[in-house]
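K.L.:
The opening residue of the sequence shown carries number 1 in full-length UniProt numbering; numbering runs sequentially from there. My questions will all concern the structure given below.
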Amino acid sequence: QGCDPFAQTQRSKLQHRRARINQQINKEMRMRAGAENLFRATSNHKVKETVALELSYVNSNLQLLKEELEELNSSVEVYQNESESISVPMIPLGLKETKELDLLVPLKDFISEHYGEEGVLFEKEIKEFMELRQAMRTPSRNEAGLELLMEYYNQLYFLDSRFFPPTRSLGVFFHWYDSLTGVPSHQRALAFEKGSVLFNIGALHTQIGARQDRASLPGLNQAIDAFQKAAGAFNYLKENFSNAPSLDMSAASLNMLVRLMVAQVQECVFEKMTLLRTQHDFLSRLQLAQEAARVEDVYSLVHQTMTQAHVKDYVPFSWTTMVHVKSEHFKALSHYFAAIALCDCPVASDAELPEQEKAFIQFHVTMPEGPSLRVLLQDPEERRKLGKAHLKKAIMKHEEAMRIHGLCKILRKMDILQEVLSFAHKRSLSKYSEIDHEEDFFETGDAPDIHPKTLQKPEIKPPNFSQVKVTDLFHKLGPLSVFSAKNKWYPARRVHLRRGENGFGFTLRGDSPVLIAGVIPGGCAAGAGLKEGDYIISVNGKDCRWSKHAEVVQLLKSTGEEGVEIGVITLQGSEGPKAVDKKAAAMSSGAGLQKSNKENNRKSLMNSKSASTLLVWNKKSKRSKKSTYSVPFSAVGDNEAMY
């Protein structure tokens with residue numbers, strides 16, 4: 001299901017090296033923790049000196065490993081497309097690594113202890129789940145890889161509901177490595193596993209977006225979609241998971257990643273506009289200038305976010321530099337396209353003037369100094385002067401982008417980026433020398449900045465978990481509404497019943513499993529010890545946990561004089577009419593949506609009666625519409641029947 005982690009593609013080599021460095025960092029950190037404990041515990045000066053020396057050695061090793069990992073995380077070229085066209089590289093994320101996890105013994109023990117079933121009967125299902133987890137560690141970089149991660153994420157809902165009670169721990173630790181620093185973290189909470197998988201869904205979208213051929217319209221549309229879905233995954237993670245132990249899943253980091261993805265979408269929108277604008281009229285070029293200004297605007301915001309205190313030391317320096325370079329580069333492009341609109345397009349005719357005036361009023365952040373708008377648009381010389389001012393600013397910004405680019409060793413190795421910056425700079429210089437006249441004695445003014453505006457706003461697309469359908473691997477345990485980790489029940493009882501003159505003496509209600517809603521005092525059922533609130537789990541040895549109402553009734557009706565053996569369970573805390581009534585009220589009120597809960601707030605989630613809130617916090621309950629809940633035996637309702 002997953003791709004082979006040892007397959008020697010460039011990307012898998014990268015991921016393999018990242019995993020190896022993560023393990024080395026983990027080993028060095030354990031050594032450091034041991035050395036620090038020894039340093040604090042000992043009073044022997046000689047031992048202290050030796051330990052201090054060892055600590056400095058370990059710390060320098062750690063620093064080297066982190067630098068190596070940063071260089072790997074900066075290897076954005078591996079994730080780019082392989083077409084001949086030149087386009088600015090995008091920033092993708094590497095996947096979070098995890099350790100193997102053996103759930104066989106903990107789950108078998110829980111099944112025996114909690115469900116009263118033979119754990120060995122569920123070995124096949126447990127192994128299937130573990131195989132799915134193993135495959136999820138190395139997803140392929142396409143739609144199939146995303147579906148694999150989604151399938152595992154959805155299976156975690158069933159695992160949570162079946163095996164993670166609110167009151168105790170399963171004793172299993174989930175180990176994950178930080179995607180950028182390689183620092184290991186572990187937690188018992190399944191929320192950490194879910195959050196890490198969700199992070200990888202977002203990271204895989206970034207890799208899919210970065211590999212698209214953005215020289216074609218379909219490629220650009222796919223890149224836009226991928227980066228919007230990546231932003232949605234990181235945003236969903238930020239809003240629904242809290243207190244994550246690793247830095248890459250902290251609110252500050254996720255906020256930065258959402259903004260970075262939105263900026264990359266905006267960059268793709270600009271590229272799409274340049275591809276679609278076949279006509280070179282005045283208004284089209286003004287729009288391109290404003291689109292470029294919008295890209296500069298969003299990258300400036302990302303750069304501000306990356307240089308904040310909590311994020312600055314964590315984000316790779318090459319990322320911060322590339323974002324800064326792009327911010328300057330797109331500012332230069334906005335001034336270049338403004339100059340082209342003014343210098344290369346014919347002077348406005350009287351018919352075109354009103355439309356051009358309207359566009360030009362909203363074009364600059366502050367109006368340029370000089371003649372009135374009408375004169376400016378109709379006088380070629382005035383247009384040339386303002387165009388020259390815009391080109392002067394464009395050249396300054398191109399040079400600034402190239403200067404910042406030169407400060408980063410990793411970016412200097414990136415030929416594509418160097419080529420793009422150099423080409424744009426030469427194009428602006430060439431245009432400037434073309435419009436610069438020898439007899440120009442006026443001083444070129446300072447062109448005002450361009451008002452950012454876009455024709456396609458980026459959309460943050462949250463993950464659609466329902467697109468990948470999964471079946472509960474532990475379906476045999478019974479319907480989740482009853483047979484879940486949060487419910488407790490008394491040991492199953494087998495009751496032998498013979499039909500009396502008035503039948504068996506109970507009323508049944510609901511499906512999967514069928515509920516005994518009422519017991520007639522003095523009847524056969526009451527005599528045999530059946531109570532209202534009991535669930536029928538078998539009839540004459542046939543498992544009825546998933547049986548519909550009509551199927552159970554048919555089994556009861558088909559019994560002869562020898563009677564029938566019914567297996568029942570009683571949920572703890574649901575004995576007696578009042579408790580059953582209370583349960584019905586709680587069930588009906590609890591099926592609502594749990595919108596404001598955070599995933600890590602496990603108690604409130606687990607205590608809520610909505611079975612589905614643990615998978616997706618805004619999905620409706622999965623319980624069958626036909627199922628009804630228990631009511632006390634005061635009257636037989638429309639959908640109850642007496643037997």
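No residue lacks a Cβ here, since even glycine has one placed at the ideal position from N, Cα and C.
1. Given that a residue counts as buried once 16 or more other Cβ atoms are within 10 Å of its Cβ, and exposed if not, what is S83?
2. When the distance is taken between beta carbons, is K397 closer than 9 Å to H324?
3. Beta strand (DSSP E) containing L508: first to last residue?
4. At least one CB of chain C closer than 9 Å to the CB of Q362: is that the case?
5. I need the straight-line Cα distance from V315 to L386, nearest angstrom please.
6. Going along the chain, which residues of its own chain have a beta-carbon closer than 6 Å to the beta-carbon of S520, five neighbours each way excluded?
7. Of the residues R374, I395 and R285, which one's Cα is nearest the Cα of K331?
8. On a Cα-Cα basis, can you pick out the residue from G145, V172 and S349 that is closest to P106?
9. Which residue wins for smallest C-alpha separation from F129, given the options A309, D379, P448 and L473?
10. Return the CA-CA distance between I460 and K124, expressed in angstroms with no decimal places.
11. Would you kindly report the start and end of the unbroken beta strand (DSSP E) that includes L530?
12. Does the beta carbon of I410 fall short of 8 Å from some heavy atom of the ligand SAM?
13. For Y490, count neighbouring C-beta atoms within 10 Å of its own C-beta (all shown protein chains included) and say buried if the count is 16 or more, exposed if not.
14. Within this structure, are the beta carbons of T366 and D297 separated by less than 9 Å?
15. Who does G503 pair with in a DSSP beta bridge?
16. Using the beta-carbon count (16 or more within 10 Å), is Q212 buried or exposed?
17. Within this structure, are the beta carbons of L480 and R162 separated by less than 9 Å?
18. Less than 9 Å between the beta carbons of L55 and E36, yes or no?
19. Select from D350, V375, P371 and F282 the residue whose C-alpha is nearest the C-alpha of S339.
20. State buried or exposed for K272, treating a residue as buried only when at least 16 other CB atoms are found within 10 Å of its CB.
21. Enumerated in chain order, which unbroken segments of the alpha helix (DSSP H) with a length of 4 residues or greater are wholly contained in the segment 137–174?
22. When you compare only the Cα positions, how much space is there between K457 and K486?
23. Sorted by chain position, which residues of the same chain lie with C-beta nearer than 7 Å to E147's C-beta, five sequence neighbours on each side aside?
24. Identify, in the order they occur along the chain, each residue of the same chain with its Cβ nearer than 8 Å to the Cβ of residue 664, setting aside the five sequence neighbours on each side.
25. Nearest CA to the CA of R266: which residue from M414, E355, D225 and I21?
26. How many Å lie between D109 and S484 at the Cα?
27. Report yes if the C-beta distance between K256 and M322 is below 9 Å; otherwise report no.
28. Looking at C-alpha atoms only, which residue of I201, Q287, E49 and R17 is the closest neighbour of E151?
29. Taking all protein chains shown into account, decide if I126 is buried (16 or more other Cβ within 10 angstroms of its Cβ) or exposed.
30. Touching or not, the segment 232–252 and the segment 283–295, by the rule of three or more beta carbon pairs under 8 Å?
31. Would you kindly work out how many angstroms separate the C-alpha atoms of D415 and Y57, rounded to a whole number?
32. Taking the alpha carbon of V258 as the point to measure from, which residue in L276, S246 and K229 has its own alpha carbon closest?
33. Whose C-beta lies closer than 6 Å to the C-beta of A546 among residues of the same chain, with five residues either side of it excluded?
34. Please classify H280: is it buried, with 16 or more other beta-carbons within 10 angstroms of its beta-carbon, or exposed?
35. Determine the direct distance from the alpha carbon of G523 to that of G567, and round the result to whole angstroms.
36. Could you check if P218 is buried or exposed, using at least 16 other CB atoms within 10 Å of its CB as the buried criterion?
P.N.:
On the basis of the supplied data:
1. Confidence in S83 is poor, its pLDDT being 48 and thus under 50, which makes the residue's placement too unreliable to answer from.
2. no
3. F506 to R509
4. The displayed structure is made up of one protein chain only, and chain C is not part of it.
5. 40 Å
6. In the sequence on display, residue 520 carries Ile and not Ser. Cβ neighbours of I520 beyond the five flanking positions: G505.
7. I395
8. V172
9. L473
10. Spanning the two alpha carbons is a distance of roughly 40 Å.
11. From DSSP, L530 is part of no beta strand (DSSP E); its letter is neither H nor E.
12. Summarising the ligand content, the structure contains no ligands, and the ligand SAM is consequently not present.
13. When all chains shown are included, Y490 counts as exposed.
14. no
15. G500
16. It counts as buried.
17. yes
18. yes
19. The question names Ser, but residue 339 is Ala in the sequence shown. Checking every option, the nearest Cα to that of A339 belongs to F282.
20. buried
21. Runs of the alpha helix (DSSP H) spanning 4 or more residues and lying entirely within the segment 137–174 occur at 143–163, in chain order.
22. 44 Å
23. V468
24. In this structure the chain extends from 1 to 643, so residue 664 is not present and cannot be described.
25. Here residue 266 turns out to be Gln, not Arg, going by the sequence shown. Measuring from the Cα of Q266, the nearest candidate turns out to be D225.
26. Here the C-alpha atom of D109 lies approximately 15 Å from the C-alpha atom of S484.
27. The question names Lys, but residue 256 in the sequence shown is Met. No, they are not a contact pair.
28. I201
29. buried
30. no
31. Cα to Cα, the separation comes out at about 36 Å.
32. That would be K229, whose Cα lies nearest to the Cα of V258.
33. The sequence shown places Trp at residue 546, rather than the Ala named in the question. Hits under 6 Å: S512.
34. exposed
35. 18 Å
36. When all chains shown are included, P218 counts as exposed.
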